[in-house]
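> Residue numbers (the working numbering), protein chains in the order written: chain A, 55 to 776; chain B, 7 to 192. The beta-carbon is built from N, C-alpha and C at its ideal position, and this holds for glycine as well. Starting off with a structure, shown below.
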Ligand code: SF4
Ligand code: SF4
Ligand code: SF4
Ligand code: SF4
């Protein structure tokens, strides 16, 4: 299916005494296909071999993917449960002792039950992540609501995909990250990419991006930095961080003024055009330029190219989404496609670059404070009824809506939340405003962390449960296209580690909730129950069987039954998911970032990733190759700005904001705006840039504004010898 | 059908996946044999890979007093034979591109062997398999010819062939500027 010009029949290299296990990368939403090489004598993973037969990535991988296998048998793996008896050591690596699973479970049950007896069911919380299978994500939601019976569950997608989800829900009535398969990308005529450092964060998209230009198509990139993809763009819209909505409105205004609106499409398939047209009138190229710092000619040229292109795809990522108006930015850029009718057909549409491996599937099936499996809503009684039936509970027993990830720390401060079960996430690095967040983790009465390495967040735990890496379990993941794919098991769990779904089942049995969980004996059992729980929801996975995934090279949701092949292209019938079948063109007034530069803090700080590391770096910083390539963070500064501060390349500076400070080595580059500095966020302890970032949230998605805050630099005269 | 390594330098995004992939080849002991350079790091993010070009008449092999550098029947210029290499490092100086690396502990030269364990059976090299930007590709001569027509550069310099540096090479290189000859769709 969808085999295109990049697909070639290639045999793999096979070594004696080895089998190849077909699977996908453990990291980002690209979910590149890979084969894990497994030694048939030791039954251990020993290497990687490209998967030429995977139609999306045809063997390609970034350096994280190439070295991903090294996670599994890594020396840093936690092999047994760890208990720390001395709570005064919280926040350090010290004081942990090995324990049996029984002892660890008993301690958790004792403390969880005590807390719930003293302070109510909702004194416990679950903080999860989406770098794990749909099966695990699904069961985590059930674990919180049925096992622990708490309302407080949320996940790290709040720092990742929540704004895209909110924007798509509002514009389309449905949130599938891409309206088309990735195999369409290289065939479009114009890619408009905003706030995505694609070459570093989703590198294996790049051969398709360059192919657009090779065919004579256009590439437009909006980014405060001249990233590797922006370097070759036909138009680089070098905007100030946090001003995307002005740019989107400005371009939309030009599209409408210059006659690129598709009246037929707008009239028949959308609402909100007139109101939006009025609102964006104000955003002339000059005014847009004033707000964004982008030259008017560039804005005009970008609008002209997008308007003229027979087919075009609007794409974006965390750059526009991690803002206090992230949801508006998403709808704002989506407006371009809706007004011009460049959607609902092959080679034209809208897509977000999903960050985490299962950022799509993981947000659909009920780990979000307000969501239940199948993209159902917990405050919709019908939805609750449907899921309660599958779970075997009464609808009244379903806990109410909780709060978002960052807001959970607020409830910890207020002692509303006193216990935490953390899995698949490392908020002590990835959350904003870390001085505050780390303080709240420290003050918890009791904290459990499930991880396969001792992460910075695990340093705050009382009990650490050793879980498996992605290669020691099986299940499904939904990639950035909305294609559900299969992760296969390549070796048995190392040491005493267990997959998270099994830990949840065993813990629930000990909490006296076994009758809701004991029937789940394999990942497939969990998968089958999850398909059933999603049945009838927006994100209907009922028809996505593991067999069908194998046969079809993955299955795009929605997929309602056994005979449904799934939905690679959304909206081909021009039917959107709002009740009237129309999409919404949104009138979105511009507002600036939560914190604008001033005299005291004159610079704009923005954060992001490098190609060598994934999220908080808990995994990738341990892989030799990746660590050697980027061992520490740095701050990117424009040479003219550096001169003002009298700082030179590779000198050290103190970078500070109203919330915190850190010391970084300076990297001088002309490939950044003069008013902006950039620091990658993958690093822990005193190197975390999130010590400085702001906890201001988008009112709809509750996404923090990682991408813009006000900062100041001070040159460090003497760098202490390490 | 014989395939060659083909480089389109302008595509490089500096991800260094080619380096990571090279550490994974058979017998490479986790050490990569290729290079990626930041072309002008204080100015922009342009990068480019530097690969062994597998010269038809390789200076490295010619300079070797011990005949340690063998040329495979596919044209691949192999890494030094452990039993023959005397560690004189002539080859590291002779190669105009600075490709051979030297292991001072083992007193042994090592270099790109074009993933001979793969390419001898027609399987693409690791680096060209993974390269996310199609900077490194593994193509037939016909495919390369089509590329040459497609990117008809105004300066005529599209392969490292005579009279540049070290003469004819098995690897084909497309210098920066591949988009110069492209006609825009609209
Ligand atoms: S990190 Fe992403 S792009 Fe890199 S190999 Fe893994 S899935 Fe592919
Ligand atoms: S893998 Fe390709 S894109 Fe990445 S550095 Fe190497 S040549 Fe450049
Ligand atoms: S490029 Fe250098 S190392 Fe490679 S074959 Fe030619 S001379 Fe030898
Ligand atoms: S062809 Fe093989 S040996 Fe040569 S640089 Fe590429 S990966 Fe390394």
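Measuring only from the beta carbon, is residue 101 (chain B) closer than 6 Å to any heavy atom that is part of ligand 3?
Sequence index remark: in the second chain, residue 101 (chain B) carries index 95 (1-based). Yes.
> Which residues have their C-beta within less than 7 Å of a heavy atom of ligand 4, listed in chain order?
Going along the chain, the residues that qualify are B:11, B:24, B:27, B:28, B:31, B:34, B:38, B:39, B:40, B:57, B:58, B:118, B:119, B:120, B:121, B:131, B:132, B:133 and B:134.
> When DSSP labels each residue in this structure, what does residue 180 (chain B) get in the three-state scheme?
Numbered from 1 along the second chain, position 174 holds the residue referred to as residue 180 (chain B). In the structure shown, residue 180 (chain B) sits in a strand (DSSP, three-state: E or B).
> Would residue 752 (chain A) and residue 296 (chain A) qualify as a contact pair, given that the criterion is a beta-carbon distance under 7 Å?
Indexing the first chain from 1 puts residue 752 (chain A) at position 698. Indexing the first chain from 1 puts residue 296 (chain A) at position 242. Result no, Cβ atoms of residue 752 (chain A) and residue 296 (chain A) do not sit closer than 7 Å.
> First and last residue of the alpha helix (DSSP H) that includes residue 93 (chain A)?
The residue labelled residue 93 (chain A) in the question sits at position 39 within the first chain. Here residue 93 (chain A) belongs to no alpha helix (DSSP H); instead the beta strand (DSSP E) covers 87-93.
> Pull up the distance between the alpha-carbon of residue 168 (chain B) and that of residue 63 (chain B), whole angstroms please.
Within the second chain, residue 168 (chain B) is the residue found at index 162, counting from 1. Within the second chain, residue 63 (chain B) is the residue found at index 57, counting from 1. Interpretation of residue 168 (chain B) is limited by its pLDDT of 40, a score under 50 that renders its predicted location unreliable; no figure is taken from the coordinates.
> Considering only heavy atoms of ligand 1, list every residue whose Cβ is less than 6 Å from one of them, following chain order.
Cβ-based neighbours of ligand 1 within the cut-off: A:79, A:81, A:82, A:84, A:85, A:86, A:115, A:116, A:118, A:119, A:256, A:257 and A:258.
> Residue 174 (chain B): which of B:136, B:58 and B:35 sits nearest, CA to CA?
The count along the second chain starts at 1 and reaches residue 174 (chain B) at position 168. For the residues B:136, B:58 and B:35, the minimum Cα distance to residue 174 (chain B) belongs to B:58.
> Once the 5 residues before and after residue 227 (chain A) are set aside, which same chain residues still bring their CB inside 7 Å of it?
Position 173 of the first chain holds residue 227 (chain A). Hits under 7 Å: 630, 631 and 632.
> So which residues on chain A does residue 190 (chain B) lean against when the C-beta distance must stay under 7 Å?
Mapped onto the second chain, residue 190 (chain B) falls at position 184. 270, listed in chain order.
> With respect to 6 Å, is the separation between the Cβ of residue 55 (chain B) and the closest non-hydrogen atom of ligand 3 below this value?
Stepping through the second chain from its first residue, residue 55 (chain B) is reached at position 49. Every heavy atom of ligand 3 is 6 Å or more from the Cβ of residue 55 (chain B), so no.
> Three-state secondary structure (DSSP) at residue 558 (chain A)?
Here the question's residue 558 (chain A) lines up with position 504 in the first chain. It is helical.
> Figure out for me which residue from A:129, A:261, A:159 and A:420 has the closest Cα to the Cα of residue 137 (chain B).
Here residue 137 (chain B) is taken as the residue at index 131 of the second chain, counted from 1. The option with the nearest alpha carbon to residue 137 (chain B) is A:261.
> Can you tell me whether residue 193 (chain B) sits near ligand 3, meaning its C-beta is under 6 Å from at least one heavy atom of the ligand?
Because residue 193 (chain B) is not part of the residues shown, which for chain B are 7 to 192, the question remains open.
> DSSP state of residue 499 (chain A), grouped into three classes?
In the first chain, the residue the question calls residue 499 (chain A) occupies position 445. Of the three classes helix, strand and coil, the one that applies to residue 499 (chain A) here is coil, per DSSP.
> Residues of chain B with CB under 7 Å from residue 612 (chain A), in chain order?
As a first step, residue 612 (chain A) is located in the first chain; it is residue number 558 there, counting from the start. Within 7 Å Cβ-Cβ: nothing; residue 612 (chain A) doesn't reach chain B, min ~30 Å.
> Give the residues of chain A in contact with residue 92 (chain B), contact being defined as C-beta atoms less than 8 Å apart.
Counted from its first residue, the second chain places residue 92 (chain B) at position 86. What residue 92 (chain B) touches in chain A: nothing, since even the nearest Cβ is about 30 Å away.
> How long is the line joining the alpha carbons of residue 672 (chain A) and residue 100 (chain B), rounded to whole angstroms?
Working through the first chain from its first residue, we reach residue 672 (chain A) at position 618. Working through the second chain from its first residue, we reach residue 100 (chain B) at position 94. The straight-line gap from Cα to Cα measures roughly 43 Å.
> Specify, as a first and last residue, the run of the alpha helix (DSSP H) that residue 301 (chain A) falls within.
Position 247 of the first chain, counting from 1, holds the residue named residue 301 (chain A). Here the alpha helix (DSSP H) through residue 301 (chain A) covers 298-311.
> For residue 129 (chain B), which residues in chain A fall below 8 Å Cβ to Cβ?
Against the second chain, residue 129 (chain B) aligns to sequence position 123. The contacting residues are 64, 65, 66 and 67.
> From the DSSP output, which residues share a beta bridge with residue 538 (chain A)?
Within the first chain, numbered from 1, the residue matching residue 538 (chain A) stands at position 484. Its beta-bridge partners are A:532 and A:609.
> Is there a C-beta anywhere in chain B that falls below 7 Å from the one on residue 783 (chain A)?
Outside the modelled stretch of chain A, which goes from 55 to 776, sits residue 783 (chain A), for which no answer is possible.
> Residue 261 (chain A) touches chain B at which residues, Cβ-Cβ below 7 Å?
To locate residue 261 (chain A), count along the first chain from 1; it is residue 207. Under the 7 Å cutoff, chain B gives 138, 139 and 140.
> Measure from the C-beta of residue 770 (chain A) to each C-beta in chain B and report whether the shortest distance is under 7 Å.
Taking the first chain and counting its residues from 1, one reaches residue 770 (chain A) at position 716. Not closer than 7 Å to any Cβ of chain B, the Cβ of residue 770 (chain A) fails to qualify, so no.
> In three-state terms, what does DSSP make of residue 747 (chain A)?
Position 693 of the first chain, counting from 1, holds the residue named residue 747 (chain A). If DSSP states are grouped into helix, strand and coil, residue 747 (chain A) belongs with coil.
> Tell me whether residue 68 (chain A) counts as near ligand 2, meaning its Cβ is closer than 6 Å to at least one heavy atom of that ligand.
Taking the first residue of the first chain as 1, we reach residue 68 (chain A) at position 14. False, no ligand heavy atom lies under 6 Å from that Cβ.
> Buried or exposed, going by whether 16 or more other CB atoms sit within 10 Å of the CB of residue 43 (chain A)?
Residue 43 (chain A) is absent from the structure shown; chain A starts at 55 and stops at 776.
> Look up residue 699 (chain A) in the DSSP assignment and say whether it is helix, strand or coil.
If you number the first chain from 1, residue 699 (chain A) lands on position 645. In this structure, residue 699 (chain A) counts as coil in the three-state DSSP scheme.
> Taking Cβ-Cβ distances below 8 Å as the criterion, which residues of the segment 47-58 of chain B are in contact with chain D?
The displayed structure is made up of protein chains A and B, and chain D is not among them.
> Are residue 21 (chain B) and residue 520 (chain A) close, meaning C-beta to C-beta below 7 Å?
Translated into the one-based positions of the second chain, residue 21 (chain B) becomes position 15. Translated into the one-based positions of the first chain, residue 520 (chain A) becomes position 466. Contact flag unset, no.
> Answer yes or no: do residue 403 (chain A) and residue 234 (chain A) have a C-beta to C-beta separation smaller than 7 Å?
Residue mapping note: residue 403 (chain A) aligns to position 349 of the first chain, counting from 1. Residue mapping note: residue 234 (chain A) aligns to position 180 of the first chain, counting from 1. Yes, they are a contact pair.
> According to DSSP, residue 767 (chain A) sits in a beta bridge with which residue or residues?
On the first chain, residue 767 (chain A) is found 713 positions in, with the first residue counted as 1. A:709, per the DSSP bridge assignment.
> Quick one: is residue 43 (chain B) buried, meaning 16 or more other Cβ sit within 10 Å of its Cβ, or exposed?
The residue labelled residue 43 (chain B) in the question sits at position 37 within the second chain. Per the 10 Å Cβ criterion, exposed.
> Any heavy atom of ligand 3 closer than 6 Å to the beta-carbon of residue 82 (chain B)?
Start at 1 with the first residue of the second chain, and residue 82 (chain B) comes out as number 76. Every heavy atom of ligand 3 is 6 Å or more from the Cβ of residue 82 (chain B), so no.
> Which chain B residues are close to residue 722 (chain A), counting only those with a beta carbon under 7 Å from its beta carbon?
Sequence index remark: in the first chain, residue 722 (chain A) carries index 668 (1-based). The contacting residues are 48.
> What does the alpha-carbon distance come out to for the pair residue 91 (chain A) and residue 32 (chain B)?
Within the first chain, residue 91 (chain A) is the residue found at index 37, counting from 1. Within the second chain, residue 32 (chain B) is the residue found at index 26, counting from 1. Cα to Cα, the separation comes out at about 12 Å.
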